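For reference, the structure discussed in these notes is given below.
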Amino acid sequence: MKTTFAVNWQYGVATHSGWFRMINEDRSLLRIGSTENGEPYAVAVIADGMGGSGDGGKASEVATEVVRHWLDKQLPSILRRKIIWGKLDNSIERLFYEVNDRLIQIGKDAGNQVGTTLTLLFLLNETYFLCHIGDCRIYKVNPKMHIRQLTRDQSWIYEQIRKGRLSRQQARKHPKRHVLMECLGYQKKLKLIKRSGFFVPEHLFLLCSDGFYDRLPDSRIERFLREGEKEQQDLQQMSDMLIDMALDNRSNDNISVVLLRSLNASFTFWQRLWYRTKNFQILFPVQWRK
13 MKTTFAVNWQ YGVATHSGWF RMINEDRSLL RIGSTENGEP YAVAVIADGM GGSGDGGKAS
73 EVATEVVRHW LDKQLPSILR RKIIWGKLDN SIERLFYEVN DRLIQIGKDA GNQVGTTLTL
133 LFLLNETYFL CHIGDCRIYK VNPKMHIRQL TRDQSWIYEQ IRKGRLSRQQ ARKHPKRHVL
193 MECLGYQKKL KLIKRSGFFV PEHLFLLCSD GFYDRLPDSR IERFLREGEK EQQDLQQMSD
253 MLIDMALDNR SNDNISVVLL RSLNASFTFW QRLWYRTKNF QILFPVQWRK
């Protein structure tokens, strides 16, 4: 079992190819560090590749490698700035376009399009920022283990639910439930979803691929997390058990899960109030921006 504590963060990462897939085309990445001022940050990434015959795995691998290079070469300079959020927003958007351009070129060279979803979560000073394309998900879980989806599924099935043409129950078994409307590697123009907000150390973040949530209603995930917290399971153990739960429900796709939680408060109550008031206008213009 992996060490799941890193001074300021508790985490768990798990993946499985699923019962009916020989190749796992999901990729995940977790980076934990500190700014030069000693402020802890975390970046979690999940990508679900597509393309068949392992090409999807190549696409998601390229995506995570480009993100890793960005973490090494560009994020440190952003974190040295006094106000980072606008610069971070622009830099992450360029990062997604860089992955997209790289995959389009790979597809042209190979004569076969390859693509991937990509979902990135950045945490610093009790503030989160996410950028997302595709149908992986980020959930924010409150201290009572109620989950709230922060991303929006860019899928054909979600559009049918949104327009009232299908119920969620019907969607679970629909043959088109995995059809994507947006991803990286297929077209030059991207419809990215961005979101920012605040959290406290008691909050838990869950990132997952569609192979995980496809067979599991939110109520079942909440019940499991509640039981895990009650039994004081660490997040790696909970991540492994979440994968097992998806397998028990006969998930027919690759399954990936990342759990992440801050262990230390960045602020006192009054400091938190001042920080949130000061940064509200900076952060929330990017809320749900396409």
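Counted the way this note's numbering counts, the sequence shown spans residues 13 to 302. Ideal Cβ positions, reconstructed from N, Cα and C, are used throughout, including at glycine. All values derive from a computational prediction rather than experimental measurement.
Who are the Cβ neighbours of residue i in its own chain at under 8 Å, not counting the five residues just before and after it?
i	result
ASN291	TRP97 and THR139
I need the straight-line Cα distance from residue i to residue j, nearest angstrom please.
i	j	result
GLN125	ARG106	21 Å
LEU83	MET34	31 Å
LYS302	GLU77	With a pLDDT of 40 at LYS302, under the threshold of 50, the modelled position of this residue cannot be trusted; read the value that follows with caution. Each residue's alpha carbon lies about 24 Å from the other.
ALA54	LEU272	9 Å
ILE58	GLN283	32 Å
GLY303	TRP286	Limits of the chain in this structure are 13 at one end and 302 at the other, which puts residue 303 out of reach.
ILE104	HIS28	28 Å
LEU192	GLY146	7 Å
GLU110	LEU87	15 Å
ASP264	GLU48	Reading off the sequence, residue 264 comes out as Asn, not Asp. Roughly 44 Å separates the two Cα atoms.
ILE255	LEU228	11 Å
SER89	LYS185	47 Å
ASN154	GLU37	30 Å
LEU202	PHE108	9 Å
GLN199	ARG238	41 Å
ARG80	PHE281	35 Å
Measuring CA to CA, which of the options is closest to residue i?
i	options	result
LYS70	SER46, ARG39 and LYS94	ARG39
ASN261	HIS215, VAL19 and ILE233	ILE233
LEU275	LEU216, GLN117 and PRO229	LEU216
CYS148	PRO155, ASN154 and GLN166	GLN166
THR128	PHE134, LEU135, LEU136 and ILE118	ILE118
ALA26	PHE134, PHE224, SER278 and ALA75	PHE224
ASP60	SER89, ASN266 and GLN22	ASN266
GLN22	MET250, GLN181, ASN36 and SER268	MET250
LYS269	PHE281, GLY123, ASP252 and TYR198	The residue asked about is misnamed: residue 269 is Val in this sequence, not Lys. The residue with the shortest Cα to Cα distance from VAL269 is ASP252.
GLU73	ASN102, LEU130 and GLY123	LEU130
Per DSSP, residue i is paired with what?
i	result
PHE141	PHE134 and SER208
LEU196	THR128
THR27	SER268
MET34	Looking at the DSSP assignment, MET34 forms no beta bridge with any residue, so it has no partner.
GLN172	Beta-bridge pairing links GLN172 to no other residue.
VAL74	Answer by DSSP bridge pairing: none, since VAL74 is not bridged.
Identify, in the order they occur along the chain, each residue of the same chain with its Cβ nearer than 7 Å to the Cβ of residue i, setting aside the five sequence neighbours on each side.
i	result
PHE210	GLU138, THR139 and ARG288
ARG93	LYS99
Residues in its own chain within less than 6 Å of residue i by CB, not counting five upstream and five downstream?
i	result
PRO52	ASN20 and SER46
ARG43	VAL55 and LEU83
LEU132	VAL57 and CYS143
PHE32	ASN264
The region 241-253 in contact with the region 219-233 per 3-pair CB rule at 8 Å: Verdict: no, contact absent.
Decide if the region 150-160 is in contact with the region 168-176; the criterion is three or more beta carbon pairs, one per stretch, under 8 Å apart. No: fewer than three Cβ pairs fall under 8 Å.
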